[in-house]
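Report on the structure given below.
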Amino acid sequence: MEIKNALWFKTYIESNLQNYETQYRSFKDGDFGSLSQVEFNSNEKGGNIDFWGLGYLGIYLWDYIKEEEVINVLISPEQQEEKEKQISILLQLL
């Protein structure tokens with residue numbers, strides 16, 4: 001599974017999320033090129049995935065019940081296996 005962009009998220013992930021609201025945003029100039037961001041929130045957890053134009057992937061997840069950060073990673077473009085691993089962890093936690 002190659003993780004690419006917000007459209008990938010919308011196609012393969014969003015339809016499987018229950019009780020989450022999603023919001024899509026994009027920014028032209030960021031630290032790692034253009035940014036496509038997917039924000040997702042429920043009553044229990046919320047966070048975002050950042051798809052950077054230069055290939056970086058950022059994942060952030062917050063637990064509203066425990067009031068603690070669960071995931072906060074920035075993965076470089078060449079670490080495809082790590083991207084897949086972190087997305088898998090995220091999906092298990094949602």
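If you count by this note's numbering, then the sequence shown holds residues 1 to 94, one letter each, in order.
All C-beta atoms, glycine included, are put in the ideal place defined by N, C-alpha and C.
{"Query": "Can you name the residues that DSSP bridges to Ser26?", "Result": "Ser36"}
{"Query": "Evaluate Leu54 with the Cβ neighbour count: other Cβ atoms within 10 Å of its Cβ, from every protein chain shown; 16 or more gives buried, anything less gives exposed.", "Result": "exposed"}
{"Query": "Is the beta carbon of Asn19 closer than 7 Å to that of Ser42?", "Result": "yes"}
{"Query": "Leu94 bridges to which residues according to DSSP?", "Result": "Note: Leu94 sits in no beta bridge, so no partner."}
{"Query": "Let me check understanding here. Comparing Cα to Cα, which of Lys28, Tyr56, Glu69 lies closest to Asn5?", "Result": "Tyr56"}
{"Query": "For Lys28, collect the residues of the same chain with a Cβ closer than 7 Å to its Cβ; drop the 5 residues on either side in sequence, then sort them by chain order.", "Result": "Ser34"}
{"Query": "Which one of Glu78, Val70, Ser36, Tyr24 has the shortest CA to CA distance from Gln95?", "Result": "Given a span of 1 to 94 for the chain in the structure shown, any question on residue 95 remains unanswerable."}
{"Query": "Which residue comes first and which comes last in the alpha helix (DSSP H) that contains Lys10?", "Result": "6-12"}
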